[in-house]
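Here the sequence shown is numbered in UniProt numbering, starting from 1 and rising by one per residue.
Shown next, in structure tokens, is the structure this report addresses.
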Amino acid sequence: MSNHGHKITPRYQHQPSRTKAEGASSCMSSAQTSAYNNQSFLQQPEHSRSQSRRATISGSSYSYVPEAQFCNTGSTSRSPVFYSQRSILTPQSRARSLTVSEPPTYSSSPSPPPSYEEILRVQYPSSPAPSYSSAGSNKVRITESKSRITPGQYSSRTPKGSLKKVLKPHPPASPEELRFAPIRAASIAIDEIIRALIYLIKKFKCPTELDFPPSTEHIMALPITKKNEPFIDQLCKLEELRKELAETETYGDPQLEDKRMHAEMAIRTAFRKMKERQLKLLEQALNETIFAIHDCIHNLEYPSELDFSSHTPNSLMLPQTEKNSIYISQFRELHRLQTKLAQFSTYGDVKLEDKHRNASALIEQALKRMSKHQVKLYGEYKKTHQPHHF
Numbered sequence: 001m002s003n004h005g006h007k008i009t010p011r012y013q014h015q016p017s018r019t020k021a022e023g024a025s026s027c028m029s030s031a032q033t034s035a036y037n038n039q040s041f042l043q044q045p046e047h048s049r050s051q052s053r054r055a056t057i058s059g060s061s062y063s064y065v066p067e068a069q070f071c072n073t074g075s076t077s078r079s080p081v082f083y084s085q086r087s088i089l090t091p092q093s094r095a096r097s098l099t100v101s102e103p104p105t106y107s108s109s110p111s112p113p114p115s116y117e118e119i120l121r122v123q124y125p126s127s128p129a130p131s132y133s134s135a136g137s138n139k140v141r142i143t144e145s146k147s148r149i150t151p152g153q154y155s156s157r158t159p160k161g162s163l164k165k166v167l168k169p170h171p172p173a174s175p176e177e178l179r180f181a182p183i184r185a186a187s188i189a190i191d192e193i194i195r196a197l198i199y200l201i202k203k204f205k206c207p208t209e210l211d212f213p214p215s216t217e218h219i220m221a222l223p224i225t226k227k228n229e230p231f232i233d234q235l236c237k238l239e240e241l242r243k244e245l246a247e248t249e250t251y252g253d254p255q256l257e258d259k260r261m262h263a264e265m266a267i268r269t270a271f272r273k274m275k276e277r278q279l280k281l282l283e284q285a286l287n288e289t290i291f292a293i294h295d296c297i298h299n300l301e302y303p304s305e306l307d308f309s310s311h312t313p314n315s316l317m318l319p320q321t322e323k324n325s326i327y328i329s330q331f332r333e334l335h336r337l338q339t340k341l342a343q344f345s346t347y348g349d350v351k352l353e354d355k356h357r358n359a360s361a362l363i364e365q366a367l368k369r370m371s372k373h374q375v376k377l378y379g380e381y382k383k384t385h386q387p388h389h390f
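In structure tokens:
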């Protein structure tokens, strides 16, 4: 009698076993009757209910214990008994393969009693096939002889299957493949050079300024300085790619020759852009020098008198005095800019040559004006300080 006062009648009645199949059916009815007779758990406290939840069904080869899960839903139309089969390994059952699975998720609808096929599967487990379980379950493999089951065997009694060859022998290359092998290798080498060229161009960060040496015959002749190091390193890498491409054979293949020609054009384009960038930086440095020349000439001062010395071999030489300090500094600045301008090489560029020539002319004119003013002041000084002869 349940906690709601309803009587539960078992679906299957116990009958004496006549055949092997009927004995299994009788075992199933016994399992159901044992589970239904435990209805009194619903009226017991929780601590005593958990101690007597299991009913044991004895089999011919091992003990199987179906676990009855209870859920008091409070509804009179639903049975509070839910089944979850769990296999218990006993010392008598270690000779067979079992699968221990986790109990299924509980649902609101009652689970039907085990079917005839499930009872047969529990009483007569299939052997020696391996057992599988759902995700999250444990797999147990135990043999009668407790010997190791190697891969390819279903049990220790079955012979080990022959291992299949994973790597098949490669057939010998045909004469056609041998003839085109060097061409394919050369094509791959050219592709690698092109990829390396693209990588160098994308990775390169050109400096904003360079240190230019005195006049040289070639534009690529830069002094090895910290400021020039990235630019020189890029030029060296491009030169290595050019040499590697030149050493790659084409074997008279038209497609390979065309590919190498396009790669050579790409490298020449990279060199040309590097030269253009270097010329642009050279023009930028030249413009900065020309701007400094214009600024110096615009701010030149021409004093009304200077100090001269009559004890020097060259009377026009200015002594280091406070009155002469500004004029002497202007002379030194113009000579410094003139020397710096002379270090720039135009490398045959017409635009740079015009700028260089005009800047040099400005410095020459400024120096001539200052020298002329100095001579004029020296004449005035000579008239003032030279004694008169009667």
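The C-beta atom is built at its ideal place from N, Cα and C for all residues, glycine as well.
Everything numeric in this text was worked out from a predicted model, so none of it was measured.
Around the CB of His294, fewer than 16 other CB atoms lie within 10 Å, so the residue is classed as exposed. The Cβ-Cβ distance between Leu316 and Gln278 does not fall below 8 Å. Rounded to the nearest angstrom, the gap between the Cα atoms of Ala263 and Ala246 is 10 Å. Secondary structure note for Gln374: its alpha helix (DSSP H) is the uninterrupted segment Val350 to His385.
If you draw a straight line from the Cα of Phe204 to the Cα of Gln234, it is about 7 Å long.
Residue burial is scored here from C-beta neighbours: Tyr199 has fewer than 16 other C-beta atoms within 10 angstroms and is therefore classed as exposed. Collapsing the DSSP output to three states places Ile190 in a helix. According to the DSSP assignment, Asn324 belongs to no alpha helix (DSSP H), since it is labelled neither H nor E. Under the Cβ criterion (8 Å, minimum of three pairs), the stretch 243-262 does not count as touching the stretch 220-232. With a cutoff of 8 Å on beta-carbon distance, Leu337 and Thr289 are scored as near each other. According to the DSSP assignment, Thr225 belongs to no alpha helix (DSSP H), since it is labelled neither H nor E. A Cβ-Cβ contact shorter than 8 Å links Glu301 with Ile326. Ile188 sits exposed, since fewer than 16 C-beta atoms from the chains shown fall within 10 Å of its C-beta. Secondary structure note for Met261: its alpha helix (DSSP H) is the uninterrupted segment Pro254 to His298. Assigned with DSSP and collapsed to three states, Leu337 falls in helix. CA-CA distance, Asp349 to Ala270, rounds to 19 Å. CA-to-CA, the gap between Ser360 and Gln330 works out to about 16 Å. CA-CA distance, Glu192 to Thr346, rounds to 37 Å. For a cut-off of 8 Å, the C-beta gap from Ala196 to Glu249 is around 19 Å, too long to register as a contact. Beta-carbon to beta-carbon, Pro207 and Phe231 are separated by about 6 Å, close enough to satisfy the 8 Å threshold. Straight across, the Cα-Cα distance linking Pro175 with Pro254 is about 21 Å. Counting along the chain, Lys243 sits inside the alpha helix (DSSP H) bounded by residues Glu229 to Ala246. A distance of 8 Å or more separates the beta carbons of Leu222 and Ile267. With a 10 Å radius around the Cβ and a threshold of 16 neighbouring Cβ atoms, Arg184 comes out exposed. One thing to note: Phe344 has its Cβ within 8 Å of the Cβ of Leu282. Shown here for Tyr251: same chain residues with a beta carbon closer than 8 Å to its own, the five before and five after excluded, namely Pro182, Ile183 and Ala186 in chain order. Ranked by Cα distance from Glu322, the options Lys340, His385, His335 and Pro303 are led by Pro303.
Taking the CA atoms as reference points, Ile201 sits about 10 Å from Lys273. Nearest C-alpha to Glu353 among Leu286, Leu377, Lys340 and Cys236: Leu286. Just so you know, the alpha carbons of Lys372 and Leu318 end up roughly 14 Å apart.
Look at Gln330 here: in three-state DSSP terms it is helix.
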